[in-house]
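A.B. asks: Supplied in structure tokens, the structure appears directly below.
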Amino acid sequence: MAVDSSLSSPLGPPACEKDAKALRFIEEMTRNADTVQENLLAEILRRNAETEYLRRFNLGGATDRDTFKSKLPIITYEDLQPEIQRIADGDRSPILSAHPISEFLTSSGTSAGERKLMPTIQEELDRRQLLYSLLMPVMNLYVPGLDKGKGLYFLFVKSETKTPGGLPARPVLTSYYKSDKFRSRPYDPYNVYTSPNEAILCPDSFQSMYTQMLCGLLDRLSVLRVGAVFASGLLRAIRFLQLHWSRLADDIESGSLDSEITDPSIRQCMSDILKPDQHLAEFIRQECKSEKWEGIITRIWPNTKYLDVIVTGAMAQYIPTLEYYSGGLPMACTMYASSECYFGLNLNPMSKPSEVSYTIMPNMAYFEFIPLGGSKAVELVDVKIGKEYELVVTTYAGLCRYRVGDILRVTGFHNSAPQFHFVRRKNVLLSIDSDKTDESELQKAVENASKLLLKECGTRVAEYTSYADTSTIPGHYVLYWELLVRDGERQPSHDTLTRCCLEMEQSLNSVYRQCRVADNSVGPLEIRVVRNGTFEELMDYAISRGASINQYKVPRCVNFTPIVELLDSRVVSEHFSPALPHWTPERRRR
Ligand code: AMP
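So the sequence shown is residues 71 to 660, counted in our numbering.
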């Protein structure tokens, strides 16, 4: 489409008038980042002045940044736990926010083993929607013609519960997909999905995935981009195709839906979409029956221009596997968001994964940044290029000076808004999918399994470390154990060690167990027993590379290839968890 030259934007010529408006908005927000932040904080403080939380700090009606920062402490989730529990239990008084809390968003970050509950208010949905509406206008600057086809996106809802006071508690994306904003979205030629809403909204993950894959296959030549939220999710879809291509091809050949798909709304909508196609069925069989799956994405969906999937942060471990399956297609990381608040977007989405930077949008919340190793938080526009910071947010929903737990490095500025490279999440040792296991959780799990080992055969775990093994799909946790078997004592049996694996899984947090049980996105935990003396060799290796003998500590997680290779070369036996750990959607009461 020819675009009126008056629509030109500093970011580039927009693809259509609607895009021009979105790009102008980005320009306006980023040019005036400091004023937007100042006004936004004042608005939050005015509106929430009478909340129990803000009254506690005697702001005396002040809405300026200096007073706010001098009177309110920087907090973590644990500090807010009592208030959050009261809201969850049904207290509707204005505790954190003057606007009623409409639901809780269940974060993948945990507290005491359970997902954190993030309060949100109705209007936050508009703010999230606004950020989504900026993504395609930016993408259209780099990839032309996305209105000529569709996106194959694997999107899922997860189970939800109600708090004792009756508020829904569910992941932010589940909340979004179930909202009218998503379900009744107006037609937009740049944002057409192959997956019908009925498939995305089906709570049964097998039926949902099966239908989304089937629709992607049926419409394969229209697909211009393939995506999922995180890289792990896209790989799970590829694995699903590996396991089920034959059934999918049968359905395409016969034009009738597999009997395991029982969801009535899926069956209803598929009756219009699924028609017998012998030729396509044969093509899928030919492509999928071969052992070689290299480049499968581009072979099945040959018009794909890029993968739309987050491969920054913990997801970077999947880049080589995605490159293998996609024949090296570009990977676009479009946005940076959380249950607390959506933060910003990537203004250069076709950049290499290692160079991805997110521009924080100053209209989403009030942002502060604690320099690493420092304590005084600085403003959004005052961060320095090259420095690392911990992100702190103040949201409309009532989080005030809340530590998100993400570490970001400033890479540059777009106008006066800084751009950040996502460095890491604080205190996360192991992660495969949305699970995040910290050092103390891992320690507790090993302790519990050690008790079992001691009881059954008197053996102790002398040393341990861990590794996130993503060479299989799904990936799984590996625990390297060196055992202290004294003279005359029995070696633990394979059966005991497999039960130690399960014991560890039972001890890990609810997000890990949900990934194992409901999402099937994490495989069985494995113990690899290494021979005596291995951890001493590990120390020798670290010292040879410059570590101090006095200060040497066994790393509780390893990912440096030579170390993993050293450990693997000393393995004497391998044991996998024999069953699924316990998990239900219900939360444990504190
Ligand atoms: P949740 O609380 O479950 O919504 O998870 C939000 C967290 O996921 C963020 O605080 C980040 O740690 C991580 N995250 C979200 N978006 C990205 C991204 N684009 N790159 C890396 N990590 C991300």
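Just so you know, even glycine gets a beta-carbon here, dropped at the ideal spot from N, CA and C. Here the structure is a predicted model, which is why all the values come from computation and not from measurement.
Below 6 Å CB to CB, which residues in the same chain sit around A85 once its five sequence neighbours on both sides are set aside?
C.D. replies: Locating residue 85 in the sequence shown gives position 15, counting from the first residue. The answer, listed in chain order, is N210.
A.B. asks: What residue from M574, T464, P189 has the CA that sits closest to R240's CA?
C.D. replies: Indexing the sequence shown from 1 puts residue 240 at position 170. Checking every option, the nearest Cα to that of R240 belongs to P189.
A.B. asks: So the candidates are P562, A92, L195, T121; which of them puts its Cα closest to the Cα of L469?
C.D. replies: Within the sequence shown, residue 469 is the residue found at index 399, counting from 1. Checked all of P562, A92, L195, T121; the closest Cα to L469 is T121.
A.B. asks: Within a Cβ cutoff of 8 Å, which residues of the same chain sit near P648, ignoring the five residues on either side of it in sequence?
C.D. replies: Here residue 648 corresponds to residue number 578 of the sequence shown, with the count starting at 1. These residues qualify, in order along the chain: T568, R569, C571, L572, P594.
A.B. asks: Alpha carbon to alpha carbon, how far is L305 from V213?
C.D. replies: Within the sequence shown, residue 305 is the residue found at index 235, counting from 1. Within the sequence shown, residue 213 is the residue found at index 143, counting from 1. L305 and V213: Cα-Cα distance of roughly 23 Å.
A.B. asks: Terminal residues of the continuous beta strand (DSSP E) containing T441?
C.D. replies: Walking along the sequence shown from the start, residue 441 turns up at place 371. Note on residue identity: the sequence assigns Pro, not Thr, to residue 441. Here the beta strand (DSSP E) through P441 covers 436–441.
A.B. asks: Could you give the first and the last residue of the continuous alpha helix (DSSP H) run that contains I430?
C.D. replies: Translated into positions along the sequence shown, residue 430 becomes position 360. Looking at the DSSP string, I430 is not in any alpha helix (DSSP H); the run it does join, the beta strand (DSSP E), is 428–430.
A.B. asks: Since W315 is in the alpha helix (DSSP H), which residue starts that stretch and which ends it?
C.D. replies: Numbered from its first residue, the sequence shown carries residue 315 at position 245. From DSSP, the alpha helix (DSSP H) with W315 extends over 301–324.
A.B. asks: So does the stretch 403–412 actually touch the stretch 199–208, counting three or more Cβ pairs closer than 8 Å?
C.D. replies: Yes, since at least three Cβ pairs between the stretch 403–412 and the stretch 199–208 fall closer than 8 Å, the two stretches touch.
A.B. asks: For a test of the three-state rule: what should DSSP assign to D159, helix, strand or coil?
C.D. replies: Indexing the sequence shown from 1 puts residue 159 at position 89. Correct three-state label for D159: coil.
A.B. asks: Within the same chain, show all residues whose beta-carbon is closer than 6 Å to that of N497, passing over the 5 residues directly before and after it, in chain order.
C.D. replies: Looking up residue 497 in the sequence shown gives position 427. Same-chain partners within the cutoff: D508.
A.B. asks: Tell me whether G383 counts as near the ligand AMP, meaning its Cβ is closer than 6 Å to at least one heavy atom of that ligand.
C.D. replies: Here residue 383 refers to the residue found at position 313 when the sequence shown is read from its first residue. Yes.
A.B. asks: Considering only heavy atoms of the ligand AMP, does any lie closer than 6 Å to the CB of L179?
C.D. replies: Taking the first residue of the sequence shown as position 1, residue 179 is located at position 109. One point to set straight first is that residue 179 is Gly, not Leu, in the sequence displayed. True, at least one ligand heavy atom lies under 6 Å from that Cβ.
A.B. asks: Count the other C-beta atoms from every protein chain shown that fall within 10 angstroms of the C-beta of V293, then say buried if there are 16 or more, exposed otherwise.
C.D. replies: Here residue 293 refers to the residue found at position 223 when the sequence shown is read from its first residue. V293 should be labelled buried.
A.B. asks: Please list the terminal residues of the continuous beta strand (DSSP E) segment that includes H652.
C.D. replies: The residue labelled residue 652 in the question sits at position 582 within the sequence shown. That residue, H652, is in no beta strand (DSSP E); it is neither H nor E in DSSP.
A.B. asks: Along the chain, where does the beta strand (DSSP E) containing A407 start, and where does it finish?
C.D. replies: As a position in the sequence shown, residue 407 is number 337, starting the count at 1. Segment 405–407, the beta strand (DSSP E) holding A407.
A.B. asks: By a C-beta neighbour count over all protein chains shown, 10 Å radius and 16 as the cutoff for buried, is G456 buried or exposed?
C.D. replies: As a working mapping, residue 456 is identified with position 386 in the sequence shown. Answer is exposed; the Cβ neighbour count stays below 16.
A.B. asks: To the nearest whole angstrom, what separates the beta carbons of G414 and T429, a pair I think is in contact under 8 Å?
C.D. replies: Looking up residue 414 in the sequence shown gives position 344. Looking up residue 429 in the sequence shown gives position 359. Indeed, because the Cβ distance is near 5 Å, the residues count as touching under 8 Å.
A.B. asks: Is F492 near the ligand AMP, going by C-beta to nearest heavy atom under 6 Å?
C.D. replies: If you number the sequence shown from 1, residue 492 lands on position 422. Yes, Cβ of F492 sits closer than 6 Å to a heavy atom of the ligand AMP.
A.B. asks: Are at least three pairs of beta-carbons, each pair with one atom in the stretch 333–344 and one in the stretch 261–277, less than 8 Å apart?
C.D. replies: In short, these stretches touch, since the Cβ pair count reaches three.
A.B. asks: State the Cα-Cα distance for the pair M71 and Y547, rounded to the nearest angstrom.
C.D. replies: The sequence position of residue 71 within the sequence shown is 1, counting from 1. The sequence position of residue 547 within the sequence shown is 477, counting from 1. Because the pLDDT at M71 is just 45, under 50, the model does not fix this residue reliably, and the point stays unresolved.
A.B. asks: How many angstroms separate the CA atom of L524 from the CA atom of N579?
C.D. replies: Residue numbering aside, residue 524 sits at position 454 when the sequence shown is read from its first letter. Residue numbering aside, residue 579 sits at position 509 when the sequence shown is read from its first letter. Cα to Cα, the separation comes out at about 23 Å.
A.B. asks: Starting from the C-beta of T481, find all residues in its chain whose C-beta is less than 6 Å away, skip the five residues before and the five after it, and write them out in chain order.
C.D. replies: Here residue 481 refers to the residue found at position 411 of the sequence shown. Same-chain partners within the cutoff: S427, Q489, H491.
A.B. asks: Going by CA-CA distance only, name the one from L288, Q356, V106, E364 that's closest to L327.
C.D. replies: Stepping through the sequence shown from its first residue, residue 327 is reached at position 257. The shortest Cα separation from L327 among L288, Q356, V106, E364 belongs to L288.
A.B. asks: On the DSSP letters alone, give me the boundaries of the beta strand (DSSP E) that A90 sits inside.
C.D. replies: Against the sequence shown, residue 90 aligns to sequence position 20. Looking at the DSSP string, A90 is not in any beta strand (DSSP E); the run it does join, the alpha helix (DSSP H), is 87–101.
A.B. asks: Which residues bound the alpha helix (DSSP H) around L567?
C.D. replies: Residue numbering aside, residue 567 sits at position 497 when the sequence shown is read from its first letter. Note, L567: alpha helix (DSSP H), 564–577.
A.B. asks: CB-CB under 7 Å to S541, same chain, minus the five flanking residues each way: which ones, in chain order?
C.D. replies: Within the sequence shown, the letter at position 471 stands for residue 541. If we look at S541 and ignore the five residues flanking it on each side, it has no Cβ neighbours.
A.B. asks: When you measure from the CB of D476 to every non-hydrogen atom of the ligand AMP, does any distance come out below 6 Å?
C.D. replies: For this step, residue 476 is matched to residue 406 along the sequence shown. Under cutoff, so the answer is yes.
A.B. asks: Per DSSP, which residues does I477 bridge with? Please list them.
C.D. replies: Locating residue 477 in the sequence shown gives position 407, counting from the first residue. For I477, which the question treats as bridged, DSSP gives the partners E460, R494.
A.B. asks: With 16 as the cutoff for other CB atoms within 10 Å, does Q107 come out buried or exposed?
C.D. replies: Position 37 of the sequence shown, counted from the first residue, corresponds to residue 107. By the neighbour-count rule (16 or more Cβ atoms within 10 Å), Q107 is buried.
A.B. asks: So E552 and V600 are in contact, right, with Cβ under 8 Å, and what is the actual spacing, rounded?
C.D. replies: For the purposes of this step, residue 552 is taken as the residue at position 482 of the sequence shown. For the purposes of this step, residue 600 is taken as the residue at position 530 of the sequence shown. Confirmed, Cβ separation roughly 5 Å.
A.B. asks: Could you check if I380 belongs to the surroundings of the ligand AMP, using beta carbon to heavy atom distance under 6 Å?
C.D. replies: Here the question's residue 380 lines up with position 310 in the sequence shown. Indeed, a heavy atom of the ligand AMP lies less than 6 Å from the Cβ.
A.B. asks: Considering only heavy atoms of the ligand AMP, does any lie closer than 6 Å to the CB of S424?
C.D. replies: Residue mapping note: residue 424 aligns to position 354 of the sequence shown, counting from 1. No - the ligand AMP has no heavy atom lying nearer than 6 Å to the Cβ of S424.
A.B. asks: Only counting the same chain, and skipping five residues up and downstream in sequence, which positions put a Cβ closer than 7 Å to that of V242?
C.D. replies: Start at 1 with the first residue of the sequence shown, and residue 242 comes out as number 172. Here the set comprises L175, S409.
A.B. asks: Nearest to F127 by CA position, among E533, S302, L166, is which residue?
C.D. replies: The count along the sequence shown starts at 1 and reaches residue 127 at position 57. Out of E533, S302, L166, L166 has the C-alpha closest to the C-alpha of F127.
A.B. asks: E575: which of F646, A612, E635 sits nearest, CA to CA?
C.D. replies: The residue you call residue 575 lines up with position 505 of the sequence shown. Residue F646 is the option with its Cα nearest to E575.
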